[in-house]
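If you read the sequence shown in the numbering used here, its first letter stands for residue 9, the second for the next number, and so on. Quick reminder that beta carbons are idealized off the backbone N, C-alpha and C, glycines included. The structure appears below as structure tokens.
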Amino acid sequence: MPTETRARRVADRINRELAVLLQRKVADPRLAGLNVTGVDVDRELAYATIYVTAPEDEQEVLTALDRARGFLRKELASNIPMRAFPQLRFRWDYSPDRGARIDELLDRLKSEQEQQEEGEDPNGPPQDDPLASAPDAGERDLSTDEG
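The following block contains the structure:
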């Protein structure tokens, strides 16, 4: 059984070769601007899952890649010597979208925090603070204590 290290090496090689192949030998306009963001190969080297992003519609890109799957596999197999070349599976990579959303949320939180800091009185607590009007723990009203 191949090792995980070998699977990673094969994945890296597929990633490099596929990037060159998509630029030089694939003429489908739906694949213009396609980015291969990662390749995972299982330990048995039976399947290569290829993660992609593109400015075009997700479904159109995945359809174009599915149609080119046989050609791409044949070309990759001729460039990467292996006894049996993995089957190719294409998946859309949502991580750039998620990363952009996280950045957007962090920017919003930062701006809200800056607005709150600007609105606070530097000489005392904000007016909405319920603890601002409460007596300190050391100050007790002794008139109501029985004892």
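Check your understanding: How would you label P37, buried or exposed, when you count the other beta carbons within 10 angstroms and need 16 or more for buried?
Key -> Translated into the one-based positions of the sequence shown, residue 37 becomes position 29. In this structure P37 is exposed. Its beta-carbon is surrounded by fewer than 16 other beta-carbon atoms within 10 angstroms.
Check your understanding: Nearest-angstrom Cα distance between E68 and N43?
Key -> As a first step, residue 68 is located in the sequence shown; it is residue number 60 there, counting from the start. As a first step, residue 43 is located in the sequence shown; it is residue number 35 there, counting from the start. Rounded to whole angstroms, E68 to N43 spans 14 Å at the Cα level.
Practice item. Flag this pair as yes or no: are the beta carbons of F98 and L70 separated by less than 8 Å? Key: Within the sequence shown, residue 98 is the residue found at index 90, counting from 1. Within the sequence shown, residue 70 is the residue found at index 62, counting from 1. For F98 and L70, yes; Cβs fall inside 8 Å.
Check your understanding: Under three-state DSSP, which class holds V34?
Key -> Position 26 of the sequence shown, counted from the first residue, corresponds to residue 34. In the three-state reduction of the DSSP assignment, V34 falls in the coil class, being assigned neither a helical nor a strand state.
Point to revise | Through-space distance from D105 to D115, alpha-carbon basis | key: Here residue 115 corresponds to residue number 107 of the sequence shown, with the count starting at 1. Here residue 105 corresponds to residue number 97 of the sequence shown, with the count starting at 1. Distance between the alpha carbons of D115 and D105 is about 15 Å.
Practice item. Please classify G46: does DSSP put it in a helix, a strand, or coil? Key: Your numbering for residue 46 matches position 38 in the sequence shown. Strand at G46.
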